[in-house]
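Protein chains in written order, with the working numbering: chain E, 2 to 347; chain A, 2 to 308; chain B, 6 to 364. Yeah, the Cβ is synthetic: ideal placement off N, Cα and C, and Gly gets one too. Quick caveat: nothing in here was measured; it's all calculated off a predicted structure. All remarks here apply to the structure that follows.
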Amino acid sequence: MLYATPFLAVALTAAAGTIVFGLMGYDGPRAVRDIFVAPLAHPDRWPELLVKAGPLALIATGLSVGFRANVWNIGAEGQYIAGAIAGTGVALATWGLSGAWILPAMCLAGMLGGMAWAAVPAFLRTRFGVSEILTSLMLTYVAVQLLFLLVRGPWKDPEGFNFPQTRMFTPDQTLPAISEGSLIHLGIPIALLVACIAWLLLARTVAGYEVKVVGLAPAAARHGGFSERRTIWLTLLGAGGLAGLAGIFEAAGPFGQLTPQFPGGYGYTAIIVAFLGRLHPVGIILAALVLAVTHVGGELAQTGVGLPQAATGMFQAMLLFFLLATDVLIRFRPVLARPARARAAA
Amino acid sequence: MSTALLVSFAMTVAMASTPILLASLGELVAEKAGVLNLGVEGMMLIGAVTGFAAAALTGSAYLGLLAAMLGGLLTSLIFAALTLGLSANQVATGLALTIFGVGASALIGAPFVGRTIERLGPLLPQALAGHPVLRVLFGYDLLVYLALGLTAVVAWWLRYTRPGLVLRAVGESDTSAHAIGYPVLAVRTGAVAFGGVLAGLAGAYFSLELTPMWADRLTAGRGWIALALVVFASWRPARLLAGAYLFGAVMTFELHAKAAGFALLPPEILAMLPYLATILVLTLISVRPGRVSTAAPACLGKAFSPA
Amino acid sequence: MVAVITRRSLVAGAAGAAALPFAGAAGSAQTPLGIGFVYVGPTGDYGWTYAHDQGRKAIEAEFGSKVKTSYVENVAEGPDAERVLRQLATAGNKLIFATSFGFMNATVRAARALPNVWFEHATGYQRAANLATYNARFYEGRAVCGTIAGHLSKTGTAGYIASFPIPEVVMGISAFTLAAQKVNPNFKTKVLWVSTWYDPAKEADAAKALMDQGCDILTQHTDSPAPLQAAEARGMLGFGQASDMRTYAPKAQLTSIVDDWAPYYIRRVRMALDGTWKSGDTWDGLKEGAVRIAPYGDAVPENVRREADRVKEEIIAGALHPLTGPIKDQKGELRVKEGERMTDEQLSKMDWYPAGVQS
Chain E
2 MLYATPFLAV ALTAAAGTIV FGLMGYDGPR AVRDIFVAPL AHPDRWPELL
52 VKAGPLALIA TGLSVGFRAN VWNIGAEGQY IAGAIAGTGV ALATWGLSGA
102 WILPAMCLAG MLGGMAWAAV PAFLRTRFGV SEILTSLMLT YVAVQLLFLL
152 VRGPWKDPEG FNFPQTRMFT PDQTLPAISE GSLIHLGIPI ALLVACIAWL
202 LLARTVAGYE VKVVGLAPAA ARHGGFSERR TIWLTLLGAG GLAGLAGIFE
252 AAGPFGQLTP QFPGGYGYTA IIVAFLGRLH PVGIILAALV LAVTHVGGEL
302 AQTGVGLPQA ATGMFQAMLL FFLLATDVLI RFRPVLARPA RARAAA
Chain A
2 MSTALLVSFA MTVAMASTPI LLASLGELVA EKAGVLNLGV EGMMLIGAVT
52 GFAAAALTGS AYLGLLAAML GGLLTSLIFA ALTLGLSANQ VATGLALTIF
102 GVGASALIGA PFVGRTIERL GPLLPQALAG HPVLRVLFGY DLLVYLALGL
152 TAVVAWWLRY TRPGLVLRAV GESDTSAHAI GYPVLAVRTG AVAFGGVLAG
202 LAGAYFSLEL TPMWADRLTA GRGWIALALV VFASWRPARL LAGAYLFGAV
252 MTFELHAKAA GFALLPPEIL AMLPYLATIL VLTLISVRPG RVSTAAPACL
302 GKAFSPA
Chain B
6 MVAVITRRSL VAGAAGAAAL PFAGAAGSAQ TPLGIGFVYV GPTGDYGWTY
56 AHDQGRKAIE AEFGSKVKTS YVENVAEGPD AERVLRQLAT AGNKLIFATS
106 FGFMNATVRA ARALPNVWFE HATGYQRAAN LATYNARFYE GRAVCGTIAG
156 HLSKTGTAGY IASFPIPEVV MGISAFTLAA QKVNPNFKTK VLWVSTWYDP
206 AKEADAAKAL MDQGCDILTQ HTDSPAPLQA AEARGMLGFG QASDMRTYAP
256 KAQLTSIVDD WAPYYIRRVR MALDGTWKSG DTWDGLKEGA VRIAPYGDAV
306 PENVRREADR VKEEIIAGAL HPLTGPIKDQ KGELRVKEGE RMTDEQLSKM
356 DWYPAGVQS
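Below, the structure written as structure tokens:
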């Protein structure tokens with residue numbers, strides 16, 4: 002059941018989409034096929050899907066660890082932006098220099114930037130008991146405005162005719178493609194690798210066990226000598242670091258600069274990806290791909306059957322609704338087996 | 002001249018604050034019952050478009066308001082069905098609801114782009130609002146007064162009535178409330194529905210009064226500000242009112258200052274302020290925990306299943 | 006209304022995509038020319054994207070079965086744009102219009118990767134053999150508006166709601182102000198930066214603030230009709246933006262600068278059909294019909310209409326350039342000498358304002 006529900010949700014969404022798009026006067030079956038199947042049908046499009054899914058998987062992996070421990074970081078978008086800002090800071094400071102050390106330094110700065118942004122909710126939660134749900138969300142808006150401030154002000158490209166964007170990064174500051182001419186940049190395999198490592202850590206280490214115990218049974222965790230405080234710090238910094246890394250990967254990869262359009266909502270979508278993936282790294286990679294498919298497929302449906310973008314948005318929302326709805330099928334099994342989880346699973 | 006300026010300033014503030022007050026009041030009631038609905042922006046957009054469509058089709062902005070309430074209500078019931086009926090995660094469902102609202106409103110609104118309607122307009126006859134000083138009191142449309150009145154009613158209802166007490170109990174401790182025999186899920190559904198109705202009205206305020214038209218994403222992110230405001234007000238209606246008007250005043254003052262040729266602060270810093278202030282308030286009320294009514298409802302965002 | 010049009014492209018689109026795996030078939034004489042559009046906003050924005058989509062519809066009306074158009078809307082400026090551009094090319098489109106400045110890097114890369122597809126990028130400055138750029142001389146229309154404002158403003162102060170200080174916005178503010186100062190040498194323009202292209206409520210509040218500060222005529226470089234609605238509600242005057250906004254403000258709208266991409270699009274499509282398409286940089290203006298002046302509102306008296314028409318005719322004839330010296334900047338320094346005209350090169354980098362602009 003655990004692994005069947007996503008497929009059930011996809012099937013329900015496809016059925017509902019066919020009917021709704023048909024009622025709206027479009028070719029329903031073909032629209033649904035364009036959204037769900039067409040992006041997968043051509044191997045040419047696979048790199049595009051991976052490029053889209055990479056950051057989602059990376060951020061969602063970080064979030065899922067926190068969600069397992071009942072740490073509700075919903076500000077990954079802010080941490081993603083903060084990472085991009087910090088990494089871009091290094092890029093602009095080293096502009097004109099060359100060397101193989103620059104790119105790793107940018108990535109490190111990106112991780113630290115994301116961690117710093119996540120440290121605020123961690124500090125406020127552990128020190129004052131402030132809900133991280135709200136603080137992390139609020140900080141996202143602060144990060145967006147900080148980005149605007151920088152690219153419209155001090156970081157504006159001096160040769161860019163006053164357009165609010167930074168310089169283009171130099172080749173030494175840009176993530177290389179995995180092979181000549183490929184869309185896939187180095188960040189993508191790293192993202193997938195990180196997701197796998199996270200899985201190993203969770204499954205095989207004491208820290209991973211601690212996170213799970215704190216999430217499932219806080220009282221038992223205290224008895225077992227596990228620190229809730231440490232878990233909060235660990236999961237928030239981890240999630241922030243990965244989101245920050247995703248941010249600088251995106252900035253130094255496909256964007257090649259920082260622009261006001263940089264915040265594209267990966268951080269929010271990743272929350273959904275984490276849930277769809279059942280907070281499991283393999284599930285998350287699959288879920289990230291599903292969302293990438295619907296996104297790319299939505300564009301195909303626009304050119305194919307003239308389906309407006311708004312309809313694709315609604316279709317994605319329907320998919321999420323069905324996934325969340327079918328969750329109930331699995332949630333009540335663990336509840337029946339282990340009553341202690343009913344409250345904690347909240 | 003300066004009286005006219007002041008009157009105009011005050012009226013701009015009142016009107017800019019009204020949709021945020023309405024949306025956040027609805028969200029406050031939902032959160033007081035323990036439900037965190039992040040889909041305010043989506044519900045507002047649905048309200049804006051259904052309100053406009055109804056007004057355009059019937060010629061009556063007041064029928065538009067009714068339609069907007071219905072639109073917001075139905076949208077919120079999707080959320081209620083998933084999170085309360087099926088115990089889905091509230092954060093994820095709320096985000097999905099916003100995606101839904103953006104898409105659905107654009108689809109519904111497509112045939113109405115470029116159409117015009119008669120705006121709501123002042124509620125009271127012009128005779129009462131002829132003089133500038135009278136106008137600042139009596140020159141508004143229905144929703145400005147409704148928002149103020151509802152804030153008072155909600156404040157009183159939550160504090161002094163038995164159903165209000167039950168609602169707060171449900172938000173503070175769903176298991177105890179359930180044990181006593183209160184219908185936790187029914188109360189929460191009602192609270193979410195109220196939030197939907199008010200978000201619908203808030204959205205319609207854009208399409209029927211502030212900027213009487215329909216264009217995609219008309220509300221431009223005000224729903225997120227409403228969410229922040231609930232926290233900023235530490236879940237108290239009176240502070241919500243003060244916060245909404247403070248926000249409206251600062252934003253309007255910024256525009257006036259810039260039009261007069263001086264900048265207060267870079268606009269980006271100013272745009273950060275509401276969120277930073279919210280974090281600050283949240284920290285302060287956590288450092289000095291006052292009465293229960295000022296703190297976050299203990300069950301906020303958590304699912305409840307009456308096992 | 007929109008659905009009807011998309012229904013039409015549905016049929017054409019289905020045929021095109023079916024032919025896609027058999028690229029050889031594309032050579033036959035009957036195959037329509039595929040034309041793709043990438044939009045930054047929704048076609049329902051009643052502003053920038055709406056205007057481009059009107060141009061797309063004009064192509065369909067003009068060429069009928071000889072072309073098939075398709076579009077992707079709400080494309081984020083950044084990597085998504087490159088994917089969409091490639092996708093449109095894969096779907097068989099031979100001529101692709103990228104209609105926002107923020108698509109520049111993506112279009113440059115796509116053009117490099119797909120040398121057999123013709124790309125056109127609006128408002129950009131990077132070109133290649135298969136990548137042309139195009140823009141419109143909106144500032145010419147602004148000069149006509151400025152002329153009207155100079156005559157009709159009683160306070161001698163106009164309010165200008167502006168997005169970001171990029172050259173296109175800067176030259177618009179300058180042309181408007183200079184034209185108004187020809188009528189009323191003491192004319193001032195108060196610029197209010199709202200840091201957004203689209204936020205109707207904020208645009209309306211900005212309009213109210215400007216009117217409260219003594220501006221009796223409004224103009225804007227943001228996308229929504231909200232400022233004009235605010236002017237209408239107070240009995241003030243203003244100018245529409247991007248499309249004729251008279252329905253929103255029948256009394257307030259003096260005229261509107263209408264973006265009309267249709268002449269350019271039709272010209273380029275004809276060249277593509279004839280096989281004479283070439284890269285280049287095109288700035289069309291009033292003369293070519295890319296910028297049009299909407300019918301004057303009732304508030305514009307006969308003598309002012311004549312003046313405005315004269316300015317328009319002189320610009321079309323090339324006798325008048327809205328940015329001709331002497332122009333002093335805000336500090337009083339002479340930036341453009343007597344009789345000298347600002348070149349396109351200077352305009353596309355403009356980052357200063359003439360005296361009389363309060364920004």
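Could you spell out where the alpha helix (DSSP H) holding B/V274 opens and where it closes?
For B/V274, the enclosing alpha helix (DSSP H) stretches over residues 267–279.
Of the residues that make up the region 210–236 of chain B, which ones have a beta carbon closer than 7 angstroms to any beta carbon in chain A?
Listed in sequence order: D210, A211, K213, A214, L215, D217, Q218, S229, P230, A231, Q234.
Neighbourhood of A/V103 by C-beta distance below 7 angstroms, restricted to the same chain and skipping five residues each side:
Within the same chain, A/V103 has close Cβ partners G43, L46, R218.
Please name the residue in B/D279, B/H326, B/I64, B/V149 whose C-alpha comes closest to that of B/I40.
The shortest C-alpha separation from B/I40 is found at B/I64.
Which two residues bound the contiguous beta strand (DSSP E) that contains B/K73?
Element bounds for B/K73: 72–77.
Chain B residues whose Cβ lies nearer than 7 angstroms to that of E/F250
Identification of chain B residues near E/F250 by a Cβ-Cβ cut-off of 7 angstroms yields none; the smallest Cβ-Cβ distance measures about 11 angstroms.
With H, G and I counted as helix, E and B as strand and the rest as coil, what does DSSP make of A/Q1?
What is shown of chain A runs 2 to 308, which leaves residue 1 of chain A out entirely.
Between the CA atoms of E/L64 and E/L138 - distance to the nearest angstrom:
Computed Cα separation, rounded: 14 angstroms.
Closer than 6 angstroms by C-beta to B/E345: which residues in its own chain qualify, once you throw out the five before and the five after it? Chain order, please.
By the criterion of a C-beta distance shorter than 6 angstroms, B/E345 is surrounded in its chain by G330, once the five residues flanking it on both sides are discounted.
Assign A/V288 to buried or exposed, taking buried as 16 or more other Cβ atoms, counted over all protein chains shown, within 10 Å of its Cβ.
When all chains shown are included, A/V288 counts as exposed.
With 8 angstroms as the limit, tell me which residues of the region 129–156 of chain E have their beta carbon closer than that to any beta carbon of chain A; keep them in chain order.
Flagged, chain order: F129, G130, V131, S132, I134, L135, T136, L138, M139, L140, Y142, V143, Q146, L147, F149, L150, R153, G154.
What does E/D45 reach in chain B if we use C-beta pairs closer than 8 angstroms?
Going along chain B in sequence order, the residues near E/D45 (Cβ under 8 angstroms) are T95.
In or out: E/E181 buried (at least 16 other Cβ within 10 Å) or exposed?
E/E181 should be labelled exposed.
List the residues of chain A whose Cβ lies closer than 8 angstroms to the Cβ of B/Y269, in chain order.
What B/Y269 touches in chain A, judged by beta-carbon distance under 8 angstroms, is nothing: the nearest beta carbon there is about 23 angstroms away.
Integer-rounded CB distance, given that E/G298 should sit under 8 angstroms from E/I36:
So it is a contact: roughly 4 angstroms between Cβ atoms.
Reducing DSSP to helix, strand and coil, say where B/A31 ends up.
Only weak support is given to the placement of B/A31: the predicted model assigns it a pLDDT of 41, under 50, and the value that follows is read from those uncertain coordinates. Residue state, collapsed to three classes: helix.
Would you say B/Y51 faces chain A, with C-beta separation under 8 angstroms as the test?
Output row for B/Y51: interface = yes.
Please go through the region 7–71 of chain E and give each complete alpha helix (DSSP H) segment of 4 or more residues, from N-terminal end onward.
Every unbroken stretch of the alpha helix (DSSP H) spanning 4 or more residues and falling wholly within the region 7–71 of chain E is given here in chain order: 29–37, 39–42, 47–69.
Mind checking whether E/E78 and E/G266 have CB atoms under 8 angstroms apart?
Yes; because the gap between Cβ atoms is below 8 angstroms, this pair is in contact.
Can a CB atom of chain A be found closer than 8 angstroms to the CB of E/L292?
Under the Cβ criterion of 8 angstroms, E/L292 is not counted among the residues facing chain A.
Between B/L136 and B/T112, is the Cβ-Cβ spacing less than 8 angstroms?
Yes, they are a contact pair.
Once the 5 residues before and after E/A178 are set aside, which same chain residues still bring their CB inside 6 angstroms of it?
H186.
Ranges of the alpha helix (DSSP H) found wholly within the region 96–183 of chain A, counting only runs of at least 4:
If we require 4 residues or more, the alpha helix (DSSP H) runs fully inside the region 96–183 of chain A come out as 133–139, 143–161, 163–173, 175–181.
Would E/I249 pass as a contact of E/A85 if the rule is Cβ separation under 8 angstroms?
Cβ distance < 8 angstroms, so E/I249 and E/A85 count as in contact.
What's the call for A/S88, buried or exposed, on a 16-neighbour Cβ count within 10 Å?
Result: buried.
DSSP three-state assignment for E/F170, whether helix, strand or coil:
Reduced to three states, the DSSP call for E/F170 is coil.
Closest Cβ-Cβ distance between E/Q262 and chain A: below 8 angstroms?
Using a CB distance cut-off of 8 angstroms, E/Q262 does not count as an interface residue toward chain A.
Beta-carbon proximity list for B/H326, same chain, < 6 angstroms, skipping 5 on both sides
Taken in chain order, the residues that qualify are R346.
Strictly under 8 angstroms for the Cβ-Cβ distance: is E/W234 near chain F by that measure?
In the structure shown, chain F does not exist; the protein chains are E, A and B.
To which residues of the same chain is E/T236 closer than 6 angstroms at the C-beta, ignoring the five residues directly before and after it?
Answer for E/T236: V66, G67, A70, V72, listed in chain order.
Since B/P359 sits in a beta bridge, which residues does DSSP pair it with?
B/P359 pairs with B/D334.
In the DSSP assignment, the alpha helix (DSSP H) including A/T51 goes from what residue to what residue?
Per DSSP, A/T51 belongs to the alpha helix (DSSP H) from 41–59.
Is any beta-carbon of chain E found at less than 8 angstroms from that of B/Q92?
By the rule that beta-carbons nearer than 8 angstroms mark a contact, B/Q92 touches chain E.
Please list the terminal residues of the continuous beta strand (DSSP E) segment that includes B/H126.
Per DSSP, the unbroken beta strand (DSSP E) holding B/H126 starts and ends at 123–127.
Where the region 248–263 of chain B meets chain A: residues whose CB sits under 8 angstroms from a CB there:
Answer in chain order: T252, Y253.
Use the C-beta contact count for A/S25: other C-beta atoms within 10 angstroms, 16 or more gives buried, fewer gives exposed.
A buried status is given to A/S25, since no fewer than 16 other beta-carbon atoms sit within 10 Å of its beta-carbon.
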